[in-house]
Amino acid sequence: MINIKESEKLNTLNHSCAHLLAQAVKHLYPQAKFWVGPVIEDGFYYDIDLGDKVIKDEDLNKIEKEMKKIAKDGKRIVRHELSKKEALEMFKDDEYKLDLISRMDENEQVISCYTQGDFTDLCRGPHVESVKLLKHFKLLKFSGAYWKNDAKNKMLQRIYGVCFENEEDLQKYLEELEDRKQRDHRKIGKDQELFMSHELVGSGMPLWLPNGAFIRKQLENYIYEKEQKMGYKHVYTPCIGTTNLYKTSGHWDHYKENMFPVMKVDDEEFVLRPMNCPHHMLIFKNKLHSYRELPIRIGEFATDFRYEASGAVKGLERVRCMCQNDAHLFVTPEQIGKEFENVVNLILDVYKDFGITNYKFRLSLRDPKDKEKYFDDDKMWDVAESKLREVLNNLKVDYFEAIGEAAFYGPKLDVEVKPAIGPEITLSTCQLDFLLPRKFDLSYIDKNGEKEIPVVLHRAIFGTFDRFTAFLIEETKGIFPLWVTPVQVNIIPVNNTYHLEYANDIYNLLKEKNIRVELDDRNEKLSYKIRESQTRKIPYTIILGDKEKESKNISYRIFGKTETITLNTDEFIDKIIKSIINKDIEYK
Ligand code: TSB
Ligand code: ZN
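Under this note's numbering, residues 1 to 588 are what the sequence shown spells out, in order.
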């Protein structure tokens, strides 16, 4: 997918198109006042105050028509530079532009405006030479947007659009946009009844429906088993803690704006926890440890609450109540490399099992020049950073380095993915931490009988079950791997009177083998039932009629294919079980 912002040419074209949009809006709604109209990854938008007028679908067509008319007229786009005084005078009736101009410093930036025909806008530019060059554009959608992103301010109308150099690029882009809309986990989540939300529960607090909950349970079981094999010990801890716990950990000072407000109960002050590390630190501290016990790996499927801005909350991807696939690994400095390697291998393994291939590893390091931002122990940083790098190089994984992106307490490795809609997000994370063990005064007894401070690795392979599921939905378009999907086989008898008994026999056989099977014995037309089985994206649809009943075979269709295959029942069962065990991504 093209990122409009990253191409200089498209950037300018889209920026000019935003002006064209504003001009057309001004023609149609003379009361319009304009706030800002930036270029974004997907094109551009303009935030507009239209007084009492609220934009509707049909208005977009009208505006687009007017834009075409102006573009055809072909006026030149002319730049003027102004002093601050001149600018203030020129836009004296426009409180939005005055707000922008009043914050400009003439000595630091040139103030300029651009005029095309009867329309002038305050703007830094650059722009294309003439509106004539704006031919291949489309207005995409609209929404409300608070002025300066503040809910206390007036709601403006935001109109989105995109512009290309030629029609072919525009059409290709629109098709991709449509494809992304179809992949959006919020859409599929609704269509396939995976999750819902309700205003009575609150924003960013999803309810997992049976199908979604089934998938999540598969993820939980899968990762739990893997972690058990790797020596993790799982715990349960409360999803709230006292403010003192978070004062001890430092979250109170550095993370408070992401936390829900304090609850007072008797003499105690509580917060809903945003992270689980403090609880796990106390579990480590519960008893004395020898170096021989390390690494100690404390795991938990832990519910956290974070304040996310209401505009940022999104389906399962960005929620306010989430469940981390969390663990804190307590290691000696010498064990950092090996333990980190195990985590990276686990991430690679998991992504392979889910068929996820579109991701990037980002190694976030400190900026050695920035002494303020990072925990002050150069030697520790140098050793840790080169160790992480060495592990990644040895494993031959592709990664990029982000200098200055490390956390205050240590370097980290994140897995970045691109959702169907919106900016990149982090799924898995592994963060080295020198600081938290000190804050909680943790220690173990080393080889020489001396007290030593352990290093902690925070890691979440799925990140949160919420976010990972959101991404899995989009990557698979809701066609989940056979081993994950809630219903693996759907049996449809051709005729309930003649074939139901045989269908029941097959149903019981599959059920006995733990295959997740449904039998559709509703009195509906065969073609309707087959179609519905496809819409529900069920991997295998078995259709049983006379032929199958007599020969004791089954006939089935694989999701997305039209051919019907006839097979001996035992062979079919073997095939499916093998495919589940292999965690095949394709339905075979
Ligand atoms: C890994 N203390 C560590 C933990 O030990 C921690 O909390 N790290 S985190 O802040 O990066 O969060 C872990 C993961 O949670 C992130 O990598 C991301 O995948 C996921 N996540 C973060 N915020 C949200 C959110 N609002 N909604 C859904 N998932 C989220
Ligand atoms: Zn943690």
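Think of the CB as a built atom: it goes at the ideal place given N, C-alpha and C, for glycine as much as any other residue.
Quantities reported herein were computed from a predicted structural model and do not represent experimental measurements.
- Distances from the CA of Leu363 to each of Leu395, Asp304, Ala302, Cys430 were compared; the closest alpha carbon is that of Cys430.
- Cβ neighbours of Ile558 within its own chain (closer than 6 angstroms, five residues either side excluded): Tyr587.
- When the five nearest sequence neighbours on each side are left out, the beta carbons in the same chain lying within less than 6 angstroms of the beta carbon of Ser555 are those of Ile543, Glu548, Thr564, Thr566, in order along the chain.
- Taking the Cα positions, Met67 is about 57 angstroms away from Tyr224.
- Uninterrupted beta strand (DSSP E) stretches at least 3 residues long and entirely within the region 171-244 occur at 240-242, given in chain order.
- Exclusion of the five residues before and after Leu294 leaves Phe330, Val331, Thr332, Gln335, Tyr444, Pro454 as the residues of its chain whose Cβ lies within less than 8 angstroms of its Cβ.
- Setting aside the 5 residues that flank it on each side, Lys75 is surrounded in the same chain by Gln116, Gly117, Val131, each with a C-beta closer than 6 angstroms to its C-beta; the list follows chain order.
- Every residue whose beta carbon comes nearer than 5 angstroms to a heavy atom of the ligand ZN appears here in chain order: Cys277, His458.
- For Ile4, there is no enclosing beta strand (DSSP E), as DSSP marks it with neither H nor E.
- The nearest non-hydrogen atom of the ligand TSB is 8 angstroms or more from the C-beta of Val265.
- Counting every other CB atom within 10 Å of its CB across the protein chains shown gives His198 a total below 16, marking it as exposed.
- With a cutoff of 9 angstroms on beta-carbon distance, Ile461 and Leu510 are scored as not near each other.
- The nearest non-hydrogen atom of the ligand TSB is 8 angstroms or more from the C-beta of Leu567.
- Here the region 483-495 makes contact with the region 518-538; the two share three or more CB pairs at distances below 8 angstroms.
- Membership of Leu348 in the alpha helix (DSSP H) is indicated by the continuous run 336-353.
- Closest by C-alpha distance to Phe440, out of Asn244, Glu268, Asp267, Ile296, is Asn244.
- Between Arg467 and Leu316, the CB-CB gap stays under 9 angstroms.
- In the structure shown, Tyr146 adopts extended strand secondary structure according to DSSP, grouped into three states.
- Distance from the C-beta of Asp414 to the nearest heavy atom of the ligand TSB is below 8 angstroms.
- Following the DSSP letters along the chain, one finds Asn394 inside the alpha helix (DSSP H) bounded by residues 378-395.
- Judged by beta-carbon spacing, Arg273 lies within the 9 angstroms limit of Pro238, meaning their Cβ atoms are closer than that value.
- C-alpha of Lys62 to C-alpha of Leu365: approximately 51 angstroms in a straight line.
- Taking the CA atoms as reference points, Arg103 sits about 48 angstroms from Phe340.
- Cβ contact annotation for Ile580 (same chain, cutoff 7 angstroms, sequence separation greater than five): Leu482, Trp483, in chain order.
- Within the same chain, His251, Asp304 come within 7 angstroms of Met275 by CB-CB distance, once the 5 residues on both sides are set aside.
- In this structure the region 87-96 does not touch the region 129-145; the number of beta carbon pairs closer than 8 angstroms is below three.
- Check the Cα spacing between Val383 and each of Lys352, Gly337, Asp367, Glu401: the tightest is with Gly337.
- For the options Thr12, Leu139, Ser428, the alpha carbon positioned closest to that of Asp59 is the one of Leu139.
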